[in-house]
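Taking it in order: structure first as structure tokens, then the write-up.
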DNA sequence: ATTTAATTGTGACAATTATCACTATTAAGC
DNA sequence: GCTTAATAGTGATAATTGTCACAATTAAAT
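Residue numbers (this note's numbering), protein chains in the order written: chain A, 18 to 223; chain B, 18 to 223.
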């Protein structure tokens with residue numbers, strides 16, 4: 018990637034992407050920084066600064082070209098770098114994520130799910146099969162997968178994580194409410210719904 | 018709240034809370050800033066700065082008292098300010114969130130779920146009943162609920178959001194992949210899984 | 001053609017957040 | 001008791017992020 022895109026900008030880019038896609042569907046020819054800013058409740062100059070980072074130029078009194086913007090955002094965020102991943106834990110959350118169509122669009126390819134519940138094994142979700150977790154090691158090396166999305170319950174979380182690491186998984190996107198212990202060379206990303214809510218609550222709810 | 022806690026600190030506090038709870042379960046009498054820092058892959062001085070914000074003092078060569086810390090974090094994050102909420106959309110994601118036990122602990126009380134699918138109506142999830150969405154308006158005013166967790170599919174998302182707003186909902190925690198349009202006085206919090214992943218991907222995955 | 005008003009682009013600044021380096025404290029070992 | 005080493009506390013500084021104000025541009029109106 019040419020320029021490093023700051024974390025917050027990455028987050029906003031995905032929002033811009035959604036909104037811009039809407040505009041394209043509605044066949045709009047232009048979109049202005051203040052339209053975007055208004056939808057996201059942010060400052061319009063920030064939108065323009067963000068686009069500057071992408072070397073996008075708009076036209077005064079007109080705005081930006083949605084198609085062009087969309088493409089640039091996709092390239093910047095690397096939607097084209099396909100990455101393969103497994104979902105580990107086929108409970109409601111795992112299934113929800115397996116059905117989440119945005120992952121594909123954004124370059125994250127869910128290849129299969131894993132669970133231990135015999136009733137779930139061999140089920141299909143969105144063309145993705147659920148395997149018994151004992152199959153994970155072989156499939157990971159066969160399919161060259163090193164990203165796991167961990168959606169098991171709290172209790173087995175650490176044990177399953179340890180197993181994933183033994184199986185060659187290098188990146189864990191952790192949806193469990195545990196802070197996993199892992200060696201330094203394993204990258205863990207904690208999805209933290211409570212933190213997210215509390216930030217919302219602190220900021221907005223009196 | 019006495020002092021304003023910065024957003025990032027709120028996020029870390031929830032992680033500290035998890036880890037500290039573990040320590041308490043293991044009956045540890047002390048926890049050091051570097052133990053916490055190590056688990057979260059951050060700088061230990063940051064942990065200490067965070068605790069300073071809470072007016073917590075540790076003991077040199079010993080660390081902090083887990084029980085004391087836990088209590089302080091809970092008070093700071095306002096776990097005791099109970100807030101009532103509805104989940105709107107009883108798909109996998111809605112059900113996953115309904116079962117997510119941490120919400121209760123952190124002061125977010127899910128009172129009921131809503132859907133339109135006749136097969137789901139009247140089912141119970143974790144003592145929470147699923148109602149037809151037409152019941153929402155009455156129940157919201159009856160139970161004094163103004164927070165909705167929106168977990169419907171992409172397509173109906175905006176329409177459902179409009180309906181929620183008409184029904185008196187003031188805060189929407191939006192799990193759909195849409196950027197909702199809403200009047201300024203409605204607070205929308207977009208949960209953005211893709212942004213979260215992309216931040217992870219940009220930072221950690223080469 | 002001229003004027004007007006909307007919009008971008010951007011420098012200056014402000015606020016927030018993280019890191020570093022160092023001091024002070026004190027439990028533990030001798 | 002004295003020394004050592006681990007740990008907290010903290011000021012200085014750096015990096016990141018957001019806001020504001022305003023000049024430059026230009027489409028649209030006249």
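Note that beta-carbon positions come from the ideal geometry of N, C-alpha and C, so glycine has one too.
It should be emphasised that the depicted structure is a prediction, and the values quoted were computed from it without experimental measurement.
Taking residue 31 of chain B as the reference, which of B:44, B:91, B:162, B:214 has the closest Cα?
-> Nearest of B:44, B:91, B:162, B:214 to residue 31 of chain B, Cα basis: B:91.
With respect to the beta strand (DSSP E) encompassing residue 103 of chain A, which residues constitute its N-terminal and C-terminal limits?
-> 100 to 105
How long is the line joining the alpha carbons of residue 251 of chain B and residue 86 of chain A, rounded to whole angstroms?
-> No answer is possible for residue 251 of chain B: it lies beyond the span of chain B, which begins at 18 and ends at 223.
Taking only beta-carbon positions, decide if residue 27 of chain B is within less than 8 Å of chain A.
-> Judged by the 8 Å Cβ criterion, residue 27 of chain B is in contact with chain A.
Can you find a CB in chain A that lies within less than 8 Å of the CB of residue 89 of chain B?
-> no
Per DSSP, residue 191 of chain B is paired with what?
-> B:167, B:207
Where does the unbroken beta strand (DSSP E) through residue 130 of chain A begin, and where does it stop?
-> Note, residue 130 of chain A: beta strand (DSSP E), 125 to 132.
Check whether the Cβ atoms of residue 103 of chain B and residue 53 of chain B lie closer than 8 Å to each other.
-> no
Taking only the alpha-carbon atoms, compute the straight-line gap between residue 72 of chain A and residue 200 of chain A and give it to the nearest angstrom.
-> 39 Å
Could you give the residue range of the alpha helix (DSSP H) that holds residue 145 of chain A?
-> Looking at the DSSP string, residue 145 of chain A is not in any alpha helix (DSSP H); the run it does join, the beta strand (DSSP E), is 145 to 149.
Give the DSSP-derived three-state secondary structure of residue 182 of chain B in the structure shown.
-> helix
Assign residue 24 of chain A to buried or exposed, taking buried as 16 or more other Cβ atoms, counted over all protein chains shown, within 10 Å of its Cβ.
-> Taking a 10 Å sphere around the C-beta of residue 24 of chain A, we find fewer than 16 other C-beta atoms and assign the residue as exposed.
Does the separation of the CB atoms of residue 79 of chain A and residue 47 of chain A fall below 8 Å?
-> yes
Take the Cβ of residue 208 of chain A as the centre, count every other Cβ of all protein chains shown within 10 Å, and call the residue buried at 16 or more, exposed below.
-> buried
Give the straight-line distance between the Cα atoms of residue 173 of chain B and residue 195 of chain B, rounded to the nearest whole angstrom.
-> 10 Å
Outcome for residue 168 of chain B when other beta-carbon atoms lying within 10 angstroms are tallied against a minimum of 16 | buried
Identity of the residue in B:62, B:114, B:37, B:65 nearest residue 142 of chain B by Cα | B:114
Output yes if chain A places a C-beta closer than 8 Å to the C-beta of residue 162 of chain B; else output no.
-> no
Buried/exposed call for residue 176 of chain B, threshold 16 Cβ in 10 Å | exposed
Indicate whether at least one CB of chain B lies closer than 8 Å to the CB of residue 146 of chain A.
-> Using a Cβ-Cβ cut-off of 8 Å, residue 146 of chain A does not count as an interface residue toward chain B, since no Cβ of chain B sits closer than that to its own.
Of all Cβ atoms in chain A, is any one closer than 8 Å to the Cβ of residue 181 of chain B?
-> no
Closest to residue 45 of chain A by CA distance: which of A:83, A:26, A:206 is it?
-> A:83
Contacts of residue 212 of chain A in chain B (Cβ-Cβ under 7 Å) | 27, 28, 31
Hey, how far is the Cα of residue 193 of chain A from the Cα of residue 170 of chain A?
-> 6 Å
Chain A within 8 Å of residue 202 of chain B, Cβ atoms only = no
Examine chain B for any beta-carbon lying closer than 8 Å to the beta-carbon of residue 109 of chain A, and answer yes or no.
-> yes
Would you kindly work out how many angstroms separate the C-alpha atoms of residue 181 of chain A and residue 118 of chain B, rounded to a whole number?
-> Rounded to the nearest angstrom, the gap between the Cα atoms of residue 181 of chain A and residue 118 of chain B is 24 Å.
Looking only at its own chain, which residues have a Cβ that is under 6 Å from the Cβ of residue 99 of chain A, when we skip the five neighbours before and after it?
-> 124, 126
Thinking just about the alpha-carbon of each residue, which of B:97, B:120, B:206, B:218 is nearest to the one in residue 206 of chain A?
-> In this structure, B:218 is the residue among B:97, B:120, B:206, B:218 with its C-alpha nearest to the C-alpha of residue 206 of chain A.
If we ignore side chains and look at the alpha-carbon of each, how far apart do residue 29 of chain A and residue 110 of chain B end up?
-> 23 Å
Using a beta-carbon distance below 8 Å, is residue 92 of chain B in contact with chain A?
-> no
Is the beta carbon of residue 27 of chain B sitting closer than 8 Å to the one on residue 216 of chain A?
-> yes
Distance, residue 144 of chain B Cα to residue 39 of chain A Cα = 38 Å
Exposed unless 16 or more other CB atoms sit within 10 angstroms - verdict on residue 69 of chain A | Burial call: exposed.
Checking contacts by CB at 8 Å: is residue 188 of chain B closer than that to chain A?
-> Using beta-carbon distances, residue 188 of chain B counts as an interface residue toward chain A, with a partner under 8 Å.
Determine the extent of the alpha helix (DSSP H) in which residue 52 of chain A is found, giving its start and end residues.
-> 50 to 57
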